[in-house]
Amino acid sequence: MRVVMFGYQTWGHRTLQALLQSEHEVVLVVTHPQSDHAYEKIWSDSVADLATSHGVEVMLKTRPDEDVMSRLQQLEPDLIVANNWRTWIPPKIFTLPRHGTLNVHDSLLPAYAGFSPLIWALINGEKEVGLTAHMMDDDLDAGAIVLQRSIAVGPRDTTTDLFHKTVDLIAPVVTEAIDLIAAGTAVLTPQDRSKATFFHKRAIEDSRIDWTWSAEELDRLVRAQSDPYPNAFTFHNGKRLRIVQASVSKARYGGTPGRIFIREGDGVVIVAGPQARRGQSPGLVIERVRTDDDQELAATDYFRSMGGYLG
1 MRVVMFGYQT WGHRTLQALL QSEHEVVLVV THPQSDHAYE KIWSDSVADL ATSHGVEVML
61 KTRPDEDVMS RLQQLEPDLI VANNWRTWIP PKIFTLPRHG TLNVHDSLLP AYAGFSPLIW
121 ALINGEKEVG LTAHMMDDDL DAGAIVLQRS IAVGPRDTTT DLFHKTVDLI APVVTEAIDL
181 IAAGTAVLTP QDRSKATFFH KRAIEDSRID WTWSAEELDR LVRAQSDPYP NAFTFHNGKR
241 LRIVQASVSK ARYGGTPGRI FIREGDGVVI VAGPQARRGQ SPGLVIERVR TDDDQELAAT
301 DYFRSMGGYL G
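See the structure below:
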């Protein structure tokens with residue numbers, strides 16, 4: 001088949017690698033210009049550089065325009081494959097190839113359609129995450145599923161861990177899915193839209209800690225915002241403080257959410273949870289912090305005395 005690839009960052013890079021190593025011909029790559037957005041500078045392997053090094057034509061676009069449409073009509077591809085394309089692809093483009101457009105999304109659709117699915121899934125305590133290859137239709141991430149693979153979420157996994165696990169699924173999933181499409185043996189399974197969830201793109205403010213969340217939820221938030229993602233943060237004495245490492249306390253602590261309370265093990269306990277005043281819930285043990293001038297410290301070195309509040 002003659003294939004066009006729409007993609008960006010490491011997800012698109014891995015997809016293009018798989019296509020280049022397949023028996024199919026990549027005739028065009030459409031990718032975004034590099035961005036300074038905090039989340040788009042992470043996992044930013046260049047799709048354009050990979051395509052150019054293999055002699056594949058590249059178009060740099062923020063969105064598919066008439067130039068892209070015209071070039072696709074000239075090339076007459078059999079299939080478009082998209083992964084981490086950041087803007088809307090109109091029907092006149094995604095229906096142009098005779099086999100349509102295969103989109104690759106890093107969640108177990110229909111759950112976690114939209115943006116930052118691994119981060120949201122970890123925050124929400126999901127037991128597994130994965131990758132879905134589906135046919136594109138009029139609704140974002142809603143088309144019929146061709147192939148889906150899952151992995152378990154470990155008890156101390158970070159989003160960085162989950163990224164590495166799921167990105168390794170891209171090549172086998174893409175290769176198998178396009179081979180099934182080429183052979184005419186792909187079984188298209190409609191998504192159960194009653195189970196669909198759709199999440200927005202994350203911004204820095206989404207990482208601000210709310211101390212009325214339970215310690216378990218805050219532990220997941222910290223792991224979800226692991227390096228190199230922008231860390232979960234709070235404020236101490238009017239200055240932003242990023243939380244690099246934390247865990248759920250062994251003991252239960254009572255009081256006001258956000259109170260800097262007591263040392264436990266190698267960290268400092270912060271009272272947390274909607275029912276904190278009852279003293280029936282664990283706190284969050286902060287173990288490592290990073291100040292706004294990028295100095296990383298053990299929490300026991302940063303919090304020299306107990307008392308006061310984070311918030």
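Here the sequence shown is numbered in my numbering, starting from 1 and rising by one per residue.
Positions of the beta carbon are idealized from the N, C-alpha and C atoms, including for glycine.
- In this structure, Ile243 sits near Val222, with a CB-CB distance shorter than 8 Å.
- Relative to Met135, the option among Val129, Glu128, Gly143 whose CA is nearest is Gly143.
- Rounded to the nearest angstrom, the gap between the Cα atoms of Gly311 and His200 is 24 Å.
- Straight-line spacing of the CA atoms in Asp161 and Leu16 works out to 22 Å.
- Only exposed fits Met306, as fewer than 16 other CB atoms lie within 10 angstroms of its CB.
- The Cβ atoms of Thr197 and Tyr112 lie closer than 8 Å to each other.
- Counting only the Cα atoms, Pro190 lies some 45 Å from Gln280.
- Taking 8 Å as the cut-off, the Cβ atoms of Glu128 and Ser150 count as close.
- The alpha-carbon of Leu284 is positioned some 17 Å away from that of Leu297.
- Annotation: Ser281 is outside any alpha helix (DSSP H); the continuous beta strand (DSSP E) that includes it extends over 281-291.
- If you check the CB distance, Leu79 and Ile170 do not come in under 8 Å.
- Around the beta carbon of Asp67, fewer than 16 other beta carbons sit within 10 angstroms, so the residue counts as exposed.
- Per the C-alpha coordinates, the member of Pro33, Thr158, Ala186, Pro274 positioned closest to Trp85 is Pro33.
- In this model, Ala51 and Gln245 are separated by some 38 Å (Cα to Cα).
- With a cutoff of 8 Å on beta-carbon distance, Ala276 and Val248 are scored as not near each other.
- Gly100 has its alpha-carbon roughly 55 Å from the corresponding atom of Val268.
- Taking 8 Å as the cut-off, the Cβ atoms of Gly125 and Thr166 do not count as close.
- Using a Cβ distance threshold of 8 Å, Val271 and Leu241 do not count as a contacting pair.
- Relative to the Cα of Thr159, the nearest Cα in the group Arg98, Asp219, Gln9 belongs to Asp219.
- Per DSSP, reduced to three states, the secondary structure at Gln34 is coil, with no helix or strand assignment.
- Counting along the chain, no beta strand (DSSP E) covers Leu96, and no H or E run does either.
- In this structure, DSSP gives Tyr229 a state outside helix and strand, which the three-state scheme calls coil.
- Under the three-state reduction of DSSP output, Gln148 falls in the strand class.
- Shown here, Thr132 sits in a strand according to DSSP, grouped into three states.
- Around the C-beta of Ala152, fewer than 16 other C-beta atoms lie within 10 Å, and the residue is accordingly described as exposed.
- In the structure shown, Gln245 adopts extended strand secondary structure according to DSSP, grouped into three states.
- Under the DSSP assignment, Arg71 falls outside any beta strand (DSSP E), being part of the alpha helix (DSSP H) whose first and last residues are 66-75.
- Looking at the backbone, the Cα of Ser22 and that of Ala186 are separated by about 17 Å.
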